[in-house]
Every structure is written in structure tokens, then in C-alpha cells.
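In the working numbering, the protein residues as written are 13 to 168.
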């Protein structure tokens, strides 16, 4: 089990909390729960309802839709923030690629943090905006590829 100061040092390296003052991170450190995940464990299943977000302390987690790998997340990366904000079915599955240690932050405490600390809200917005930008870019690239495939098909 990590000491509070160790948790604060880890949280400082997480994008969502990078602008949060250390004294506020002490509060965050007191409410996150440590979770261990064994290599090969499908930790989150697509379609399940979730209400927690996770921070990878140490490890590697694969985000996937069936056999299609979407992204691999490593140390200090966050996942599940959408479910913590709006509990809808999970959009992908997540499997541990190696033994991993995580912090879990449940919806209720996250909402309390957001109500008291605007920096946390800004951090979450920043992460979500980056993911939206990347998704928009990926969609544009996919549309371009589909258009090229259609043109090739028409020429045949």
C-alpha cells in the first residue's frame, strides 16, 4: 500500500491532475483506491455499466473492441473517465498486458472533487478534448481511406 506522499507524486504526473495544487492532491490521494490486475485479465468488458475511472500507477492496459486493438495505455494514463462522469455502457474492453497497479476513483468522490476543485474539472476537460480531437482526426483519415477505396473500386 502506497503512502499518501507517494500517491501525491504519482497523481502529479497524471494529466488530469497536473494543474491541481499539491495540498488538493492530498485529498485526492485519500480517496483513490489501489487495485491490482493480473496479466491477461479482462478488467473491463465492453457493454458493462461502469461508474469509476482508473489511473495506471504501473502497468500496461490494452483497450480493444473484440480482437481489434484500439490503444495501449501505460503508466500515469487514465481510462474510464467517461463512465465516471456519465454511467453508460463501456465503449470498449480493457485487458492487462502485464501485471498492473491502478488507482480507482469512483463517481461520487469524483463529483465531490469536481465541485470543490475547478482544476480537476479543467484537467478532465483537457483529456476529453484531446481524445475528441484525436477521434475526429481518425474519422477524417478513415473517411479519406474509404473514399480512396471507393475510387479504386469504381475504376475496376
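Every residue, glycine too, gets a C-beta built ideally from N, C-alpha and C.
Distance between residue j and residue i (C-alpha atoms, nearest Å)
i: residue 51; j: residue 68; result: 14 Å
i: residue 107; j: residue 129; result: 31 Å
i: residue 89; j: residue 162; result: 37 Å
i: residue 24; j: residue 34; result: 8 Å
i: residue 101; j: residue 57; result: 9 Å
i: residue 149; j: residue 32; result: 29 Å
i: residue 30; j: residue 109; result: 26 Å
i: residue 13; j: residue 151; result: 42 Å
i: residue 167; j: residue 160; result: 11 Å
Residue i and residue j closer than 8 Å at C-beta
i: residue 65; j: residue 46; result: no
i: residue 26; j: residue 114; result: no
From the options, residue whose alpha carbon lies closest to that of residue i
i: residue 123; options: 116, 115, 133 and 114; result: 133
i: residue 53; options: 39, 72, 62 and 61; result: 72
i: residue 59; options: 78, 41, 70 and 74; result: 78
i: residue 70; options: 30, 19, 82 and 76; result: 19
Anticipated Cβ contact below 8 Å, residue i with residue j, distance rounded
i: residue 169; j: residue 136; result: Examination of residue 169 is not possible in this model, given that the chain is present from 13 through 168 alone.
i: residue 119; j: residue 96; result: 5 Å
i: residue 62; j: residue 99; result: 7 Å
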